[in-house]
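Its first residue numbered 112, the sequence shown is counted upward by one per residue in the working numbering. Glycine included, each C-beta is placed from N, C-alpha and C at the ideal position. The model shown is predicted, which means the values in this text are computed figures rather than measured ones. In what follows, a single structure is set out as structure tokens and then discussed.
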Amino acid sequence: MAQSGAPLRFSPQLAWFAVATLIGGGCDLQSKSWALSTLGEVPGQAMMLVEPWLELELTYNRGTAFSLIPDLGASRLVFGVIAIAVVVLLAFMVARWKSDRVEAIALGALAGGALGNGLDRALREAPGGGTGVIDFIKLNYPWGGNWPIFNIADALVLVGVAVLLLRRMRAVEEDAAPGAGAGATATAGG
112 MAQSGAPLRF SPQLAWFAVA TLIGGGCDLQ SKSWALSTLG EVPGQAMMLV
162 EPWLELELTY NRGTAFSLIP DLGASRLVFG VIAIAVVVLL AFMVARWKSD
212 RVEAIALGAL AGGALGNGLD RALREAPGGG TGVIDFIKLN YPWGGNWPIF
262 NIADALVLVG VAVLLLRRMR AVEEDAAPGA GAGATATAGG
């Protein structure tokens with residue numbers, strides 16, 4: 112993503128970003144509502160989907176993605192404001208930088224994940240008080256144990272970051288390849 116000196120304007124990339132953000136955030140919030148209605152509101156309720164690999168288990172994550180930090184306290188509105196700020200910042204990046212469609216969609220996935228989890232934390236009260244994001248997707252290891260329980264928003268953030276990193280690594284490799292000097296770039300671009 113190269114920075115452009117052009118003023119902010121609407122672009123097809125910004126449209127892709129907006130669509131990815133709204134679909135991602137909407138799917139995340141809808142999937143959490145579905146999990147509540149299917150599994151009940153009591154944490155620990157589970158349903159095996161693909162034995163023994165995949166099950167759904169309702170949890171209220173009071174910490175960060177994949178429960179890495181166990182408890183963030185009851186700062187409800189802060190998380191909603193942070194989520195909206197992340198979406199605005201990423202939209203600004205897409206509008207300001209020369210992003211292609213894949214980068215815009217990857218950034219939209221990040222924004223959709225931030226929006227889904229941020230709004231869930233800001234608006235949902237967990238059983239026993241405080242805030243908690245609904246997590247419900249559980250991947251079990253064949254040798255025992257499981258990946259931390261997560262949700263669609265967590266997956267969106269992970270996929271968005273992975274796509275951006277892979278594209279950046281690919282760009283670095285292409286720049287380092289023999290014959291990738293200024294002449295090769297000018298020829299390839301036009």
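What does the alpha-carbon distance come out to for the pair residue i and residue j?
| i | j | result |
| --- | --- | --- |
| Ser122 | Ile245 | 34 Å |
| Ala282 | Glu168 | 40 Å |
| Ala297 | Gln124 | Summary for Ala297: the model assigns pLDDT 47, below 50, so the residue's position carries little reliability; its value from the coordinates is reported in the next sentence. Near 23 Å, if we compare the C-alpha coordinates of Gln124 and Ala297. |
| Glu162 | Asn262 | 19 Å |
| Leu276 | Leu267 | 14 Å |
| Pro289 | Arg279 | 18 Å |
| Lys143 | Asp265 | 12 Å |
| Asn172 | Asp286 | 42 Å |
| Asp211 | Leu218 | 11 Å |
| Val272 | Gln156 | 31 Å |
| Gly137 | Gly256 | 30 Å |
| Ile193 | Trp164 | 34 Å |
| Ala299 | Lys209 | With a pLDDT of 45 at Ala299, under the threshold of 50, the modelled position of this residue cannot be trusted, and the question is left open. |
| Arg232 | Glu166 | 23 Å |
| Gly227 | Ile195 | 10 Å |
| Lys249 | Met158 | 10 Å |
| Gly294 | Leu200 | Residue placement at Gly294 is poorly supported in this model, since its pLDDT is 49, which falls under 50; the coordinates are not used for a value here. |
| Ser148 | Phe203 | 36 Å |
| Gly241 | Gly191 | 14 Å |
| Arg207 | Trp254 | 47 Å |
| Leu234 | Asn251 | 30 Å |
What span of residues does the beta strand (DSSP E) with residue i cover, start to end?
| i | result |
| --- | --- |
| Ala288 | That residue, Ala288, is in no beta strand (DSSP E); it is neither H nor E in DSSP. |
| Asp246 | 244-250 |
| Val161 | 157-161 |
| Asn172 | 165-172 |
Less than 8 Å between the beta carbons of residue i and residue j, yes or no?
| i | j | result |
| --- | --- | --- |
| Val153 | Ala220 | no |
| Ala215 | Trp127 | yes |
| Gly135 | Gly223 | yes |
| Leu150 | Phe247 | yes |
| Val189 | Ala225 | no |
| Ala237 | Gly243 | yes |
| Val213 | Val274 | yes |
| Ile260 | Thr170 | yes |
Tell me the DSSP secondary structure of residue i in three-state form.
| i | result |
| --- | --- |
| Phe121 | coil |
| Trp208 | strand |
| Asn228 | helix |
| Glu214 | helix |
| Gly301 | With a pLDDT of 41 at Gly301, under the threshold of 50, the modelled position of that residue is not reliable, and the figure given next carries that caveat. Reduced to three states, the DSSP call for Gly301 is coil. |
Please report whether the beta-carbon of residue i lies at a distance below 8 Å from any beta-carbon of chain C.
| i | result |
| --- | --- |
| Tyr252 | In summary, chain C is missing from the structure at hand, where a single protein chain is found. |
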